[in-house]
Amino acid sequence: MTVTHRKYVGVRYHCDACRKDVSDIGRITCAECDDFDLCVECFAAGVEVATHKNDHAYRVMDTLTFPVFDENWGAEEEILMMEGLEKYGMGNWADVADHVGTKSMADVEEHYYSVFVNSPQWPLPDLTRTFSPPSTPKRRPAPIPPPVPVPENKKAKPLTSQPCNHEIAGFMPGRGEFEAENTTEPDEICVKELTFEETDTPEETAFKLAIMDIYNAKLDRKYVRKKLILDRNLQEHKKMLAQERKRTKEERELYNQMKVFGPMQTAQDFMDLMEGLQIEAMLKEKIERLQEYRRNGVRTFHEAQEYEKERAKRYNITRPTPPALPPPPPIAQFIPRYPRAAPVAAAFSTAVPAAGGVPTSSSRSLSRGATSDVDRPLGRRPAQPIDLSTAEGLHLLSDREQELCSTLRILPKSYLNIKDTLLGEYVSTGHLGRRRARDLVKIDVNKTSLIFNFFVEMGWIKSASSRKRKRERGGEDAEAKGAARPPPLPTAAAAQVDGMDVDNGPSIVAVD
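Note that UniProt numbering has the sequence shown beginning at 1, numbered continuously upward.
Here you go:
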């Protein structure tokens, strides 16, 4: 027989032939061999192992699960408790419970005092109790040990170095060291080659001790800096950048101002300080807003909401607005359209030949292109305006702005962001061009141009009127010199030759 003793399991019996666990079922014990057990199957097959023969005398051993003194305690558990008390002594309940295997320390102690010490027939237990035998012998499950408490503040040590931290910060988490330590190589060389001799004069000894003090002071500063970095997890570069992005502009400015106090405090104290300063700033802002409400006669929160709505409306109304203009034409009208056969014929009849009456090569190429480009598609169909009646922030826009957002299919909040960006750039620099507006607003360039034109029409951005005056002066000079020059080509033909798009007149001209 092989007996194994495990925690919370008790004594276990195994078949010496097939190694089957027979602790909870009946087993056959050899009466002649020393400590030899067989399961029923091996005994029925007549298995012979080592010195055991199948004709030896045997005994049938039951599991002893019936109660003796307590219905929750079987006979086998009573025997194991007595063996544990005999082996480990009275009062050593932890080892006795470990020997029993199926009972806890409190159960063993309570059972001993209730059955043996507090028995009416002391020092003997009460032998008059009777128990009805259960229909099916059952064994109580072993108690599950409580989980081992894990300290919350204990940080899990990384098993391997993390490549991202290693590449960005030069930090090796497995070692807890940096690749490039904050020390100077000449200092280490000086200390490394420094020796104290018996023949040194007092001045030389004092000089060497001063070098050692300087080197130790540098090591102390290095330790303080390294501890500051590791305590605040500053080596986790990506994590710190993510936290920095989550903060608002005001919070980032506050952090940059208070960083100098970080080395003077612990990490938790510094975080508490920053949290307190943020709460203070929030309270100041709230107090200023409440004082503004009080100055304007606002007494309740409902009145404050109405006040904010009216202030937003007043802000839009007080802006300089030009006289009402018709809405801008759809985007599709700006797309050049190719004429069909009838306009081409008209162009042939109205074309002016080149000097000498000989058609030029450019005019011939235009005529060929006109015959091949007939019935070309007229461009992409413009998108339909969207309904913004339920959009958030619609009440902050004027009627013209609402119409513009609906035509360009832009939400009010996005439009307000674009508006703040462009007007803020115009106020800060004093001028704003169309190309700069396209760089600031990362949307479709056509939409950006229409928004820019709308701002110019509303008077929020001043246009470059000097360029217009310059172009007008140039046109007047050209008209003055027109008598001395040959007649120019029609507007449409000249524009098509130069690669420009015009709004009026045919876009293709052929000269014969």
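Positions of the beta carbon are idealized from the N, C-alpha and C atoms, including for glycine. Keep in mind it's a predicted model, so treat the numbers as computed, not measured.
Does the distance from the C-beta atom of residue i to that of residue j stay below 8 Å?
{"i": "C39", "j": "K53", "result": "no"}
{"i": "I28", "j": "Y58", "result": "yes"}
{"i": "E425", "j": "L440", "result": "yes"}
{"i": "L394", "j": "L388", "result": "yes"}
{"i": "E77", "j": "V100", "result": "yes"}
{"i": "Y293", "j": "A304", "result": "yes"}
{"i": "V49", "j": "D98", "result": "no"}
{"i": "K413", "j": "E392", "result": "yes"}
{"i": "M274", "j": "M258", "result": "yes"}
{"i": "R434", "j": "F452", "result": "yes"}
{"i": "H56", "j": "C30", "result": "yes"}
{"i": "L277", "j": "L254", "result": "yes"}
{"i": "F69", "j": "V117", "result": "no"}
{"i": "P385", "j": "T421", "result": "no"}
{"i": "T448", "j": "R438", "result": "yes"}
{"i": "Y307", "j": "N296", "result": "yes"}
Identify which residue in the options has its Cα closest to the Cα of residue i.
{"i": "T195", "options": "G46, M212 and A180", "result": "M212"}
{"i": "residue 600", "options": "I410, S414 and E401", "result": "With the chain running from 1 to 512 in the structure shown, residue 600 is simply not present."}
{"i": "L234", "options": "G276, F178, K249 and D200", "result": "F178"}
{"i": "A383", "options": "T390, E392, I410 and K419", "result": "I410"}
{"i": "A106", "options": "A94, V117 and F116", "result": "A94"}
{"i": "E197", "options": "E188, F207 and Y255", "result": "F207"}
{"i": "L404", "options": "L450, R438 and G91", "result": "L450"}
{"i": "C33", "options": "S23, T51 and C18", "result": "T51"}
{"i": "E110", "options": "W122, V298 and G91", "result": "G91"}
{"i": "G174", "options": "P120, L230, K238 and M81", "result": "L230"}
{"i": "A312", "options": "K286, D200, L416 and Y223", "result": "L416"}
{"i": "residue 517", "options": "D200, F171, D62 and N216", "result": "Outside the shown range of the chain (1 to 512) lies residue 517, about which nothing can therefore be said."}
{"i": "V96", "options": "K103, G84, T102 and E193", "result": "G84"}
{"i": "M264", "options": "T300, I287, V224 and E250", "result": "V224"}
{"i": "F171", "options": "Q121, P120, S119 and K226", "result": "K226"}
{"i": "F43", "options": "Q291, C18 and E310", "result": "C18"}
{"i": "E285", "options": "N256, K246 and E250", "result": "E250"}
{"i": "G176", "options": "E236, F66, D399 and S398", "result": "E236"}
Would you please verify whether the beta carbon of residue i is less than 8 Å from any beta carbon of chain B?
{"i": "L234", "result": "Structure shown: chain B not included; a single protein chain is present."}
According to DSSP, residue i sits in a beta bridge with which residue or residues?
{"i": "L124", "result": "For L124, which the question treats as bridged, DSSP gives no partner whatsoever."}
{"i": "M172", "result": "E177"}
{"i": "G91", "result": "Partner(s): none; G91 has no beta bridge."}
{"i": "P67", "result": "G74"}
{"i": "L38", "result": "I28"}
{"i": "D439", "result": "For D439, which the question treats as bridged, DSSP gives no partner whatsoever."}
{"i": "E60", "result": "Contrary to the premise, residue 60 reads as Val rather than Glu in this sequence. DSSP output for V60 lists I28 as bridge partner(s)."}
Count the other C-beta atoms from every protein chain shown that fall within 10 angstroms of the C-beta of residue i, then say buried if there are 16 or more, exposed otherwise.
{"i": "P125", "result": "buried"}
{"i": "G36", "result": "According to the sequence provided, residue 36 is Phe. The question's Gly does not apply to it. Buried: at least 16 other Cβ atoms inside 10 Å."}
{"i": "T371", "result": "Residue placement at T371 is poorly supported in this model, since its pLDDT is 42, which falls under 50; the coordinates still yield a value, given next. The residue in question, T371, is exposed, as its Cβ has fewer than 16 Cβ neighbours within 10 Å."}
{"i": "I443", "result": "exposed"}
{"i": "A494", "result": "Note on A494: pLDDT 39, under 50, position unreliable in the model; no value is reported."}
{"i": "A484", "result": "Residue placement at A484 cannot be trusted, given a pLDDT of 45 that sits under 50; what the coordinates show is reported in the next sentence. Counting Cβ neighbours within 10 Å, A484 comes out exposed, since fewer than 16 surround it."}
{"i": "V445", "result": "exposed"}
{"i": "G459", "result": "exposed"}
{"i": "V108", "result": "buried"}
{"i": "A180", "result": "exposed"}
{"i": "I461", "result": "buried"}
{"i": "W73", "result": "buried"}
{"i": "V22", "result": "buried"}
{"i": "F261", "result": "exposed"}
{"i": "K103", "result": "buried"}
{"i": "F270", "result": "buried"}
{"i": "L219", "result": "exposed"}
{"i": "Q291", "result": "exposed"}
{"i": "M61", "result": "exposed"}
{"i": "S349", "result": "With a pLDDT of 40 at S349, under the threshold of 50, the modelled position of that residue is not reliable, and the figure given next carries that caveat. The residue in question, S349, is exposed, as its Cβ has fewer than 16 Cβ neighbours within 10 Å."}
So is the beta-carbon of residue i under 7 Å away from any non-hydrogen atom of the ligand FMN?
{"i": "L254", "result": "Summarising the ligand content, the structure contains no ligands, and the ligand FMN is consequently not present."}
If residue i sits next to residue j, beta carbons under 8 Å apart, how far is it from one beta carbon to the other, in whole angstroms?
{"i": "A210", "j": "R232", "result": "Not quite, the Cβ-Cβ distance comes to about 34 Å (not below 8 Å), so this is no contact."}
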